[in-house]
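Asks: Residue numbers (our numbering), protein chains in the order written: chain A, 750 to 1040; chain B, 334 to 647; chain C, 22 to 287.
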Amino acid sequence: MNRTDRLAWIGMSLILVLTVLALAAPWLAPYDPLAVSLPEALLPPSAAHWLGTDQLGRDVFSRLLYGTRISLVIGFIAMGVAVGVGVTIGAVAGFAGGWLDGVLMRAVDTLLSIPTIFLLLAVIAVDPAERLVSLTRWPIVGPVAAAVFHWIDPRIVVVMAAIGLMSWMGVARLVRAEILSLKEREFVLAARGLGASRWRLMTRHLLPNAMGPVLVSATLGVGGAILTESVLSYLGLGVQPPTPSWGNILNEGRVALGVAWWLTVSPGVCILVTVLAFNLVGEGIRDRFLR
Amino acid sequence: MSVRLDVQRVTKHFLVRAGFFQRRAGVVHAVDEVNLRIDATGTLGIVGESGCGKSTLARVLVGLLEPTSGQVSAGGQAVHTLRGAARRQFCRDVQLIFQDPANSLNPRMRVETAVAEPLIIHRLASGQALQRRVDALLEQVRLPLMLRRRLPRELSGGERQRVGIARALATEPKLLICDEPIASLDVSVGSQILKLLNELHQSRHVGLVFISHDLAAVASLCQRIAVMYLGRVVEEAPTAQLVAHPWHPYTELLLRASTLDLNLRASGERPSNIHPPSGCRFRTRCPIVAPVCQEDPPLLEKQPARLVACHKRP
Amino acid sequence: MALLDVQDLSVEFQHGPDTVKAVDRVSLSLEAGQALAIVGESGSGKSTLALALTRLIQPPGRMTGGRIVFQGTDLLRVDAPTLRRVRGRLISYVFQDPATSLNPVLTIGAQLRETIRLHTTVAPDDVDACAVALLEQVDIAAAPERLRAYPHELSGGMRQRVMIAMAIASKPALLIADEPTTALDVTVQVQILQLLQRLRRELGLALLLISHDLLVVEQAADRIAVMQRGAIVESGPVAAVIQRPQHPYTQQLLACRLTLSQRSSS
Chain A
750 MNRTDRLAWI GMSLILVLTV LALAAPWLAP YDPLAVSLPE ALLPPSAAHW
800 LGTDQLGRDV FSRLLYGTRI SLVIGFIAMG VAVGVGVTIG AVAGFAGGWL
850 DGVLMRAVDT LLSIPTIFLL LAVIAVDPAE RLVSLTRWPI VGPVAAAVFH
900 WIDPRIVVVM AAIGLMSWMG VARLVRAEIL SLKEREFVLA ARGLGASRWR
950 LMTRHLLPNA MGPVLVSATL GVGGAILTES VLSYLGLGVQ PPTPSWGNIL
1000 NEGRVALGVA WWLTVSPGVC ILVTVLAFNL VGEGIRDRFL R
Chain B
334 MSVRLDVQRV TKHFLVRAGF FQRRAGVVHA VDEVNLRIDA TGTLGIVGES
384 GCGKSTLARV LVGLLEPTSG QVSAGGQAVH TLRGAARRQF CRDVQLIFQD
434 PANSLNPRMR VETAVAEPLI IHRLASGQAL QRRVDALLEQ VRLPLMLRRR
484 LPRELSGGER QRVGIARALA TEPKLLICDE PIASLDVSVG SQILKLLNEL
534 HQSRHVGLVF ISHDLAAVAS LCQRIAVMYL GRVVEEAPTA QLVAHPWHPY
584 TELLLRASTL DLNLRASGER PSNIHPPSGC RFRTRCPIVA PVCQEDPPLL
634 EKQPARLVAC HKRP
Chain C
22 MALLDVQDLS VEFQHGPDTV KAVDRVSLSL EAGQALAIVG ESGSGKSTLA
72 LALTRLIQPP GRMTGGRIVF QGTDLLRVDA PTLRRVRGRL ISYVFQDPAT
122 SLNPVLTIGA QLRETIRLHT TVAPDDVDAC AVALLEQVDI AAAPERLRAY
172 PHELSGGMRQ RVMIAMAIAS KPALLIADEP TTALDVTVQV QILQLLQRLR
222 RELGLALLLI SHDLLVVEQA ADRIAVMQRG AIVESGPVAA VIQRPQHPYT
272 QQLLACRLTL SQRSSS
């Protein structure tokens, strides 16, 4: 196994460990992440509190564990949204060509030229969470939405969708480029000659062969989504306290940076390790495809 | 009922775009005013060197490319305008085999899926019957059944080409158009493929159109040969007569060059097909060129079943 | 003394736990001015052999034994500077696909001049004139203008002529040509083979021709060696081997040849 493969396996193992930690958070966490205990505020790491406590006396380690859930879920789902939208639009643009391609790509270009932060601010300012909650009052979608929102805070759903909708453009371009070059390949011509319908051409011939770069991009995208969530929470726009996420732990730790380094270093290291793990896996996949 | 393709004044031009604004910089005259009658009972060879338009013609013949002018018609209707049921019937009757089997097979499709695809598209079989049909096709092209689950990259060049042929035969076509099927294969493998194609023609009465730059290969397989140069058909005749007594000077050149006769005086280079010579396109290299050759010679049947486009021959 | 005397040359490729013998104890010899053809199908090792002759084999390939005696010196045992004096100067190469052998972003004049500067002792002031002379020697008309052309502006036949011009710039003793005409139209093939024949006469060049095409070999070579799976199975004068092949593999190759005199159409 060469170096890239070994690193990719290390990355996979890390992600596996993180997933297990996230799933087992309720059992692994020594303390309630929301339990406030002012007398125990800003304690440095010790045997009782492995990563110390924050300004409200909450155990940092437990908060980080729960934060893993949030970060991973947001990472995967945001990336899922990005890939879903990106592949659809990119494939349609690449396959159809002509004016449709032109229109779609100009839309992509426009969205890409708007600074991400402003897009996010604009989206979040509209308070989409409220509108999502109002979905529960609709006839058929309502109960489904209500069940989903029981599990996940609608505001987190907003964050996921927002991040996803900001990242699909890159995927779209990638997919379009792959489809454009695949369209001219002889096996596609052969399939057309056999009488394959456009749907069949797309689903059985074009997309399966275009997914390579998309897979790489998606893996790297999870890392990117997690980072973006951290930035958002850092700015106070993402996951709202008291729900812990790595980003808002970082944010809260900012003011106590001089006296309580563990409040920023711990979430920082978590983010670093996770994004690195996803990047290693992405590199491994890319390497596989090139071989 | 036999299939017949009527190729009438088929022309295919490609635009060359250059420069920052992708302006029209020129036109590639790939195929120019080609007339052919392809009968699915016989074997026709189309021979020419690179740039003569034979691959483009192959794609126009099956409707994968739309001609710039003229048409290829089957049963009275232009092939590239067929839709729906008529188009599906045409796809079943006329199939194309490509040059480079490494490229003409979906790299992610296993052999059995690739061969089954036409049967699935045209709903000709399913389930167990589908499996049996696929096996029968693999046997027909002499592929060991244990290669069924292989991917193209796990096969040799010859095996891949056999898969391509099996796939083309799935719908029991009446006419097979083969675009340089052995060009990228070793000589021994290529000769096996030629034998296979010959067998298919003899035993299953599949008509063949064999397109190649290799005159010897074409001559061994086909009853009639059409010679192309710079997008035009310059001569068409029964194989024996073409090889023994060629009429067109280019055919002569090609015949002698094919035996690699180093005493041959082969002057000049093939002109580009963006700026083909006016009149007779071969006149810049022709040993018997005359003033009359400034005018385009039409392809005329100067003897029964022998056509040539030359002012000075026969 | 033979110009080139190869004895028991072997080249191995390592793929994980497997070792593949691409060239298996090959021996051959070539006199000055002679033309030897190596014939085989894909996978026979002929191209690997061509590269091995001047130690151009890269890992995972390894040369594992034998001797390559060129003009009396064993190339497998000389140091790097000596090898560099041989490679490109005394032994030149022409490869199959001129489209990928020429640098697409440099004019052919630039590439030709670079070769002249590196491999000949021509004075800097005379390099341009030398380049023009070389192009004329390979029958390229309007040579001074052609020097300014880029590879993609030339036809396949012309590009191959440029490659040959670059190869003969240093007036080598041996030219190794790996499938030089395979990618070309048959009418152009004839022209290139005629050119090679003429150059051999004018320069006293020895030719090692690698091909899968027996017709090419018949016309262009004096002797022939047939390779199968890394080993030479038969060798001898061209006419003798083609008319009376001894080895079954040679017989098989010859049987598959289609000539215009054999036709089996109904």
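In this text, a Cβ means the ideal position worked out from N, Cα and C, and glycines have one as well.
Tell me B:R557's beta-bridge partners as DSSP assigns them.
Replies: B:L377, B:P571
Asks: Hey, does B:H578 have any beta-carbon neighbour from chain C nearer than 8 Å?
Replies: no
Asks: Expressed to the nearest angstrom, what Euclidean distance is found between the alpha-carbon atoms of B:P571 and B:T504?
Replies: 30 Å
Asks: Taking the beta carbon of B:F615 as the centre, do at least 16 other beta carbons fall within 10 Å, making it buried, or is it exposed?
Replies: buried
Asks: Taking a Cβ distance cut-off of 9 Å, strictly less, list which residues of the segment 921 to 949 of chain A are near chain B, in chain order.
Replies: Cβ contacts with chain B: R934, E935, F936, V937, L938, A939, A940, R941, G942, L943, G944, A945, S946, R949.
Asks: Among A:A974, A:H899, A:G839, A:T753, which one has its Cα closest to the Cα of A:L956?
Replies: A:G839
Asks: Closest to C:P119 by C-alpha separation, out of C:L30, C:L205, C:V27, would be which residue?
Replies: C:L205
Asks: Could you please give the first and the last residue of the uninterrupted alpha helix (DSSP H) stretch that includes C:T208?
Replies: 207 to 224 is the span of the alpha helix (DSSP H), which, as asked, contains C:T208.
Asks: Do B:Q627 and B:S611 have their C-beta atoms closer together than 8 Å?
Replies: yes
Asks: Identify the contact partners of B:E568 in chain C, using a Cβ-Cβ distance below 9 Å as the criterion.
Replies: Per Cβ cutoff of 9 Å: no residues; B:E568 is ~16 Å from chain C at best.
Asks: Write down every uninterrupted run of the alpha helix (DSSP H) in the segment 574 to 616 of chain B whose length is 4 residues or greater and which is fully enclosed by it, in chain order.
Replies: 582 to 591
Asks: Rounded to a whole number of angstroms, what is the C-alpha to C-alpha distance between B:G518 and A:I1020?
Replies: With the sequence shown as reference, residue 518 of chain B is identified as Leu, and Gly is not the correct amino acid for it. Cα to Cα, B:L518 sits roughly 54 Å from A:I1020.
Asks: Report the residue from B:R481, B:A550, B:L633 whose alpha carbon sits nearest the alpha carbon of B:C443.
Replies: Contrary to the premise, residue 443 of chain B reads as Arg rather than Cys in this sequence. Nearest of B:R481, B:A550, B:L633 to B:R443, Cα basis: B:R481.
Asks: Run down chain E in chain order and give the residues with a C-beta less than 7 Å from the C-beta of B:L586.
Replies: Reference to chain E is not applicable here, since the protein chains of this structure are A, B and C.
Asks: By the 10 Å Cβ neighbour count, where 16 or more other Cβ atoms means buried, how is B:Q432 classified, buried or exposed?
Replies: buried
Asks: Determine, using beta carbons only, whether C:P258 and C:L226 come nearer to each other than 8 Å.
Replies: The answer is no: Cβ separation not under 8 Å.
Asks: So which of C:L275, C:R250, C:K42, C:G130 has the shortest CA-CA distance to C:G82?
Replies: C:K42
Asks: For a contact meaning CB atoms closer than 8 Å, what does B:V395 contact in chain A?
Replies: G942
Asks: For B:S524, which residues in chain C fall below 9 Å Cβ to Cβ?
Replies: A276, C277, R278, L279
Asks: So which residues of chain B does A:P957 contact, with C-beta pairs closer than 7 Å?
Replies: R441, listed in chain order.
Asks: Among B:P609, B:Q464, B:L457, B:V427, whose alpha-carbon lies nearest the alpha-carbon of B:V393?
Replies: Looking at the Cα atoms, B:V427 is the closest of the given residues.
Asks: Which residues does DSSP list as the beta-bridge partners of C:L30?
Replies: C:V47
Asks: The alpha helix (DSSP H) that contains C:F116, what's its start and end?
Replies: No alpha helix (DSSP H) contains C:F116, which DSSP labels as neither H nor E.
Asks: Which residue from B:P485, B:R565, B:P609 puts its Cα closest to that of B:V380?
Replies: B:R565
Asks: B:S605: buried (16+ other C-beta within 10 angstroms of its C-beta) or exposed?
Replies: exposed
Asks: For B:P451, return the contacting residues in chain A, with the cut-off set at a CB-CB distance below 8 Å.
Replies: L943, G944
Asks: Only counting the same chain, and skipping five residues up and downstream in sequence, which positions put a Cβ closer than 7 Å to that of C:A152?
Replies: So the list reads G130, L133, R134, I137, L168, once near-sequence residues are dropped.
Asks: Do the segment 208 to 215 of chain C and the segment 584 to 598 of chain B make contact, defined as three or more Cβ pairs closer than 8 Å?
Replies: yes
Asks: In terms of alpha-carbon separation, which member of A:A945, A:S930, A:E978, A:G919 lies closest to A:A856?
Replies: A:G919
Asks: Report yes or no: do three or more beta-carbon pairs, one from the segment 863 to 880 of chain A and one from the segment 946 to 953 of chain A, lie closer than 8 Å?
Replies: no
Asks: Counting Cβ pairs, one atom from each stretch, are 3 or more of them under 8 Å apart for the segment 463 to 483 of chain B and the segment 436 to 450 of chain B?
Replies: yes
Asks: Assuming B:V395 and B:I607 make a contact with CB atoms under 8 Å, what is their CB distance in whole Å?
Replies: About 26 Å; that fails the 8 Å criterion.
Asks: With distances taken between CB atoms, is the gap from A:T817 to A:A774 smaller than 8 Å?
Replies: yes
Asks: Relative to the C-alpha of C:V159, which candidate in C:M184, C:L175, C:A170, C:T142 has its C-alpha closest?
Replies: C:M184
Asks: Hey, C:S122 and B:E602: beta-carbon distance below 8 Å or not?
Replies: no
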